[in-house]
Structures are given as C-alpha cells and as structure tokens.
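Taking it in order: structure first as structure tokens, then the write-up.
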Amino acid sequence: MVGKHYAFSPDDRHNNNSSIQRPHSSHDLEGGMGDGETNGYVNGHANGNSKPKIWRFKDAVDTAVQDSRRDLLKKQLLSNVDREGLEKYRKSDEELKGIKNKEVRKFYESQNERLDDWLEVDTIVMAVADDVLESMDPDPDNDGHQERGGGIQAVAGNIGDLLPEEAITKREKAARRAKLAINVNVIANVILLAGKVAAAFSSGSLSLIASLVDSALDLLCTLIIWSTNRLVQWRLNALQKKFPVGRKRLEPLGILVFSIIMVISFAQILQESVEKLLPLKGKAEELPLIAVGALLATIVIKGVIWFGCIPIKTTQVQALAQDCKTDVIFNTLSLLFPFIGAKADIWWLDPAGAGILSLFIIYDWSHTCFSNLVRLSGEAASDNLQKKLMYLAYRFSPVVEGFKSVTAYHNGDGVWVEIDVLMDESTKLHRSHDVAETLQYCAEGIPSIDRAFVTTDYSSSGPTGHARDAEHT
Numbered sequence: 002m003v004g005k006h007y008a009f010s011p012d013d014r015h016n017n018n019s020s021i022q023r024p025h026s027s028h029d030l031e032g033g034m035g036d037g038e039t040n041g042y043v044n045g046h047a048n049g050n051s052k053p054k055i056w057r058f059k060d061a062v063d064t065a066v067q068d069s070r071r072d073l074l075k076k077q078l079l080s081n082v083d084r085e086g087l088e089k090y091r092k093s094d095e096e097l098k099g100i101k102n103k104e105v106r107k108f109y110e111s112q113n114e115r116l117d118d119w120l121e122v123d124t125i126v127m128a129v130a131d132d133v134l135e136s137m138d139p140d141p142d143n144d145g146h147q148e149r150g151g152g153i154q155a156v157a158g159n160i161g162d163l164l165p166e167e168a169i170t171k172r173e174k175a176a177r178r179a180k181l182a183i184n185v186n187v188i189a190n191v192i193l194l195a196g197k198v199a200a201a202f203s204s205g206s207l208s209l210i211a212s213l214v215d216s217a218l219d220l221l222c223t224l225i226i227w228s229t230n231r232l233v234q235w236r237l238n239a240l241q242k243k244f245p246v247g248r249k250r251l252e253p254l255g256i257l258v259f260s261i262i263m264v265i266s267f268a269q270i271l272q273e274s275v276e277k278l279l280p281l282k283g284k285a286e287e288l289p290l291i292a293v294g295a296l297l298a299t300i301v302i303k304g305v306i307w308f309g310c311i312p313i314k315t316t317q318v319q320a321l322a323q324d325c326k327t328d329v330i331f332n333t334l335s336l337l338f339p340f341i342g343a344k345a346d347i348w349w350l351d352p353a354g355a356g357i358l359s360l361f362i363i364y365d366w367s368h369t370c371f372s373n374l375v376r377l378s379g380e381a382a383s384d385n386l387q388k389k390l391m392y393l394a395y396r397f398s399p400v401v402e403g404f405k406s407v408t409a410y411h412n413g414d415g416v417w418v419e420i421d422v423l424m425d426e427s428t429k430l431h432r433s434h435d436v437a438e439t440l441q442y443c444a445e446g447i448p449s450i451d452r453a454f455v456t457t458d459y460s461s462s463g464p465t466g467h468a469r470d471a472e473h474t
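The sequence shown begins at 2 in the numbering used here and counts up one residue at a time.
Written out as structure tokens, the structure is:
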C-alpha cells in the first residue's frame, strides 16, 4: 500500500484470519473494540443493545469483500506507475550545459519540465488514490457506526495533506520563499516610494513624476492583492454559505479593478506630457542628486529582487520577477530621459520620455486587465496543464475503457476541469463511483486545479453532457 492513512494489504488478512484489522471509531460494534459505553460491544462481550452475532458476522464478511474489491482496484490503478522509467529520459544540468545547439537544448529543457509534471501526477496518484478509496462508504450497513475510516475523513478533505512528506515539504518551502520574496518587495516599495516623494518635491521632471506614480500604485496593488487574499482565506460560516465554492476569484477581480486605476492614472500623466510639449519650447530640467539616488536605488534593488526571484519556479514569484523586470526598465528610462535632456540641453526629451513611459504602462496594464478578464470569462487552460491532465487520464487507463473528453478552463486564476470517463455498460455502480471520485480528487490535488467534475458514460457517441444553447448564453 502506498497510502499513509489506515491502509492495509491482503497479506495482513492472511496473517490474521480471525479478525480484520482496520481503523475504527470508538463505537465500532463489528470490530469488538468499543470504548466501554453501554451500547458497545467490548472485548467480545455483548451488552443488551449489541447486534446478534450473525449480524456482526455478516457485517464483517461484507466489509472484507468490499476491502478485497478496493484492493483489486488499487492494484490495477497503481501497478503501472514507473517513476524510474521516466527518470531515464531526463537530462542533467551538466548534460544540458554541454549541448551547444540552442534549439536542441531548449527541447531537452522542455522535456525535463514535462517529466516534472508527469512525476508530480504520479506522486499525487500514488499518495491520494489509496486514501480516497479507503474513504469510500465508511458505514456500509448504515447503522451510524463507521466500520472503517480513510484519509479523506482524517484530513477533513484537504488533499494536500495526503501527499508524501517530501512533496508537502517542497510545497511549503516554495510558499515560504514566495512569501519572503513578496515581503522583501513590499518593504523595498515602501522605502523607494518615500525616496521618490522627497525627490519629486525637489524636481519638476515629468519622468520622475511618472516613476513616483508607478511606485505608489505598485504599493497600492500589493495592498489590494494582500487584502483580497486575506478575504479568500477567511473561514467564516456566513461567507461559506454565501460563497459555497470559495472566493478565489476576488484576487483577479481586485487586479482587474486596479489595472483600470493604473490606466486612468497614466492617462493623466500622458496628458500632462502632451500639454508640456504643445508650446514647442521650454527649459531642460536638471535632476537633483536625491532624485538620481532614488532612481538608481530603485534600479539596483529591483534588479536584485528580479534576479533573486528567477530560480523560484512558482507562478506567483515569476509574476513578481516580471514586475521587477518592468520596474528596472521603467526607472532606467525615467532616469535617462531627464538626465540626457539636461546634459544635451534638449528640453522636450523629459516630457516626451514621460509620454512614452505612460504609453508603455497603459499598454502593459491594459494587457493585464484583458488577461484577467479573459480568464474570468472561461479561457482554456494552458497547453502544459492540458498535457498534464491527459497524463493523469492515462494513469487511470487500466481501470476505465477510455475518456470521452477532458476539458480544462479558467475560472479566474484557478482552473476547473471536466472529465467524461468511458466505462463498460455492465460496470457496477460502486466501481464506477469509486473510479470517478478517485480521479476527481487526484485532479484537484494538482496545485493549479481549483475544482474537478468527473462524469461517466458507456458510449463515446452519446450527448456531450451540456446543453449547447446554455453554453452560449
């Protein structure tokens, strides 16, 4: 068995034929292991409210049959997982460095990333499937006493807690590094904003004003993301009733609102730069030392954060790295335009530079706004995630006839998945249910998947499962 919670193998039964070793509650009548209450069956001695022996024997037989059935399903599902077989196709860092052709090296880097995805799926299936199957039908005789317990009940439905310690540690480490990078960036933004405010009062440079506005709104964006993230994490019963599937879309909605604020703000800067250019004459602004220092500090600090974030391969940190990269470019130009204009006595270079920077920010945040809007509208998941889901489907191929469809689409930053499984028309309901729900939990174990829906069918030529007119409304 590969599961961590309450798993046992057929060999355990051969070693102890007199009883079935399984988890039990304190009211486990059939197991004869109650807690001494008057309605229990303690140490083989019945009291007035216990079941007749024939009923307890029948329950034990039924439980053994169900356990045997689940063991067979686990064996079919997990026997073909071969992690070492995948690893032999991996290229080490030394081998990659030795490949001179860039296209070939890029191919093998992509292959390594694909292997990482597949191994992650294998880890999830091996860790989660066993626990999920053990969690099915904990009270088969419906007497109110659970004859078995499984991993899902033990972790209150939190799939991440079922993963191996190594995988949990890896995710926690990535989360800590992401949190550290974000906190460092917030502190840097506060310090740099204070410096730019002081510099702005000592200079009339529009490029410097544009940099100040960018820093101020950057900090506001961080506060919006933090506050929406806190709202998402609140576990109030009233909120859970009002938002039954969670509030994860609050964060992209917050970014959507902020991107509109960003575009409007820099449209004002663009207007100011045009108004300053229209007289077709002016005087070049000399940047004071405090302004030069503030901009240089921004470039250096943001550059350090940018390069520090590159090795952390998480979506959140990579987005932060891209933001820092943009800040480095933006502040470098904010420094060069007025500096060169003052040295070369080109009066129009500073307002023209501010206009160019404003157009750049307007384009960048308009793209961000559109991207969030498209994801909230149900954009298809990335090709990499689609391929990862297809590999997950392949992992379940020994226990199904095939797959009718695998559809993945964004519902905000997260992804929802719909999988239609093909099974033989004579398949028993318990097997169809166990396979479908195990696949569903495994899919939801993938970090970027918020929710999965698995349905079963016995014909590949039947209806698609959704009304076409409802989809296009």
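A virtual CB, placed ideally from N, CA and C, is assigned to each residue, including glycine.
- Query: Is Arg91 helix, strand or coil by DSSP?
  - Reply: Looking at Arg91 - three-state DSSP - the assignment turns out to be coil, as it is neither helix nor strand.
- Drop a sphere of 10 angstroms on the beta-carbon of Asp384, count the other beta-carbons inside from all chains shown, and report buried for 16 or more, exposed for fewer. Asp384 counts as exposed, since fewer than 16 other C-beta atoms from the protein chains shown sit within 10 angstroms of its C-beta.
- Query: How many whole angstroms separate the CB atoms of Ser281 and Asn373, which I take to be in contact at a CB cut-off of 8 angstroms?
  - Reply: Before going further, note that residue 281 is Leu rather than Ser in the sequence given. With a Cβ gap of about 40 angstroms, Leu281 and Asn373 do not count as contacting.
- Query: Is the CB-CB distance between Asp328 and Lys303 below 7 angstroms?
  - Reply: Yes, these two residues count as a Cβ contact at 7 angstroms.
- Item | Counted within 10 angstroms of its Cβ, other Cβ atoms place Lys405 as buried (16 or more) or exposed | Counting Cβ neighbours within 10 Å, Lys405 comes out buried, since at least 16 surround it.
- Query: Under the three-state reduction of DSSP, which class applies to Asn50: helix, strand or coil?
  - Reply: In this prediction, Asn50 scores a pLDDT of 47, lower than 50, which makes its location untrustworthy; no coordinate-derived value is stated.
- Query: From Gln441, Leu423, Lys429, pick the residue whose C-alpha is nearest to that of Trp417; which is it?
  - Reply: Selected option, being the one with the closest Cα: Gln441.
- C-beta contact flag for Leu120 and Arg91 at 7 angstroms: Judged by beta-carbon spacing, Arg91 lies beyond the 7 angstroms limit of Leu120, meaning their Cβ atoms are not closer than that value.
- Task: Return the first residue and the last residue of the beta strand (DSSP E) that Leu423 is part of.
- Result: Per DSSP, Leu423 belongs to the beta strand (DSSP E) from 416-423.
- Task: Just grab the DSSP bridge partners of Gly86 for me.
- Result: DSSP, once it has assigned bridges, lists no residue as partnering Gly86.
- Which listed residue (Asp324, Pro253, Leu377) has its alpha carbon closest to that of Ile362: Closest by alpha carbon: Asp324.
- Query: Apart from the five residues just before and just after Met263, which ones in its own chain have a Cβ nearer than 6 angstroms to its Cβ?
  - Reply: Counting only Cβ-Cβ distances below 6 angstroms, and skipping sequence neighbours, we find Leu218, Trp366.
- Let me know the secondary structure DSSP gives Tyr109 once reduced to three states. In the three-state DSSP reduction, Tyr109 falls in the helix class (H, G or I).
- Item | Buried or exposed by the 16-neighbour rule on C-beta atoms within 10 Å, applied to His411 | By the 10 Å Cβ count, His411 comes out buried.
- Task: Go ahead and label Val301 buried or exposed: buried means 16 or more other beta carbons lie within 10 angstroms of its beta carbon, across all protein chains shown.
- Result: By the 10 Å Cβ count, Val301 comes out exposed.
- Cβ neighbours of Ala292 in the same chain (closer than 6 angstroms, five flanking residues each side left out): Closer than 6 angstroms at Cβ, skipping near neighbours: Ala200, Ser204, Leu209.
- Taking C-alpha atoms, which residue in Val133, Ala128, Ala155 lies nearest to Glu167? Taking only the C-alpha atoms, the option nearest Glu167 is Ala128.
- Message: How far does the beta strand (DSSP E) with Leu277 in it extend, from its first residue to its last?
- Response: The displayed chain sequence assigns Lys, not Leu, to residue 277. Lys277: not part of any beta strand (DSSP E); member of the alpha helix (DSSP H) spanning 251-278, first to last residue.
- What's the gap between the Cα of Lys197 and the Cα of Thr223? Between the alpha carbons of Lys197 and Thr223 lies a gap of roughly 18 angstroms.
- Closest by C-alpha distance to Asp72, when choosing among Val82, Leu134, Val122: Nearest neighbour of Asp72 by Cα position, chosen from Val82, Leu134, Val122, turns out to be Leu134.
- Item | Exposure of Asp83, with buried meaning 16 or more beta-carbon neighbours within 10 Å | The residue in question, Asp83, is exposed, as its Cβ has fewer than 16 Cβ neighbours within 10 Å.
- Item | Extent of the continuous beta strand (DSSP E) run through Ser372 | Careful: Ser372 lies outside any beta strand (DSSP E), inside the alpha helix (DSSP H) at 350-377.
- Query: DSSP on Val214, reduced to helix/strand/coil?
  - Reply: Residue state, collapsed to three classes: helix.
- Task: Check whether the segment 391-406 touches the segment 419-426, counting contact only when three or more Cβ pairs, one atom from each stretch, lie closer than 8 angstroms.
- Result: The segment 391-406 makes contact with the segment 419-426, as at least three CB pairs between them are under 8 angstroms.
- Query: What three-state label does DSSP hand Tyr459 in the structure shown?
  - Reply: Three-state result, Tyr459: coil.
- Message: Tell me the residue span of the alpha helix (DSSP H) that contains Ser398.
- Response: Premise fails: Ser398 is in no alpha helix (DSSP H) and is neither H nor E.
- Task: Whole angstroms is fine: what's the gap from Ile311's alpha carbon to Ala176's?
- Result: Going from the Cα of Ile311 to the Cα of Ala176 covers about 15 angstroms.
- Coil, strand or helix - Val318 by DSSP: Helix.
- Task: Under the assumption that Phe331 contacts Leu358 (Cβ atoms under 8 angstroms), give the Cβ distance between them as a whole number of angstroms.
- Result: Right, their Cβ atoms sit about 6 angstroms apart.
- Task: Could you name the residues of the same chain whose beta carbon sits closer than 7 angstroms to that of Ile183, not counting the 5 residues immediately before and after it, in chain order?
- Result: Non-local beta-carbon contacts of Ile183 in its own chain, meaning distances under 7 angstroms to residues more than five positions away in sequence, involve Leu321 in chain order.
- Query: Run through DSSP, which three-state label would Phe404 get?
  - Reply: Note: Phe404 maps to strand in three-state DSSP.
- Could you work out which residue in Lys101, Asn186, Asp351 is closest to Ser274 when comparing CA atoms only? Ser274 has its Cα closest to that of Asp351, out of Lys101, Asn186, Asp351.
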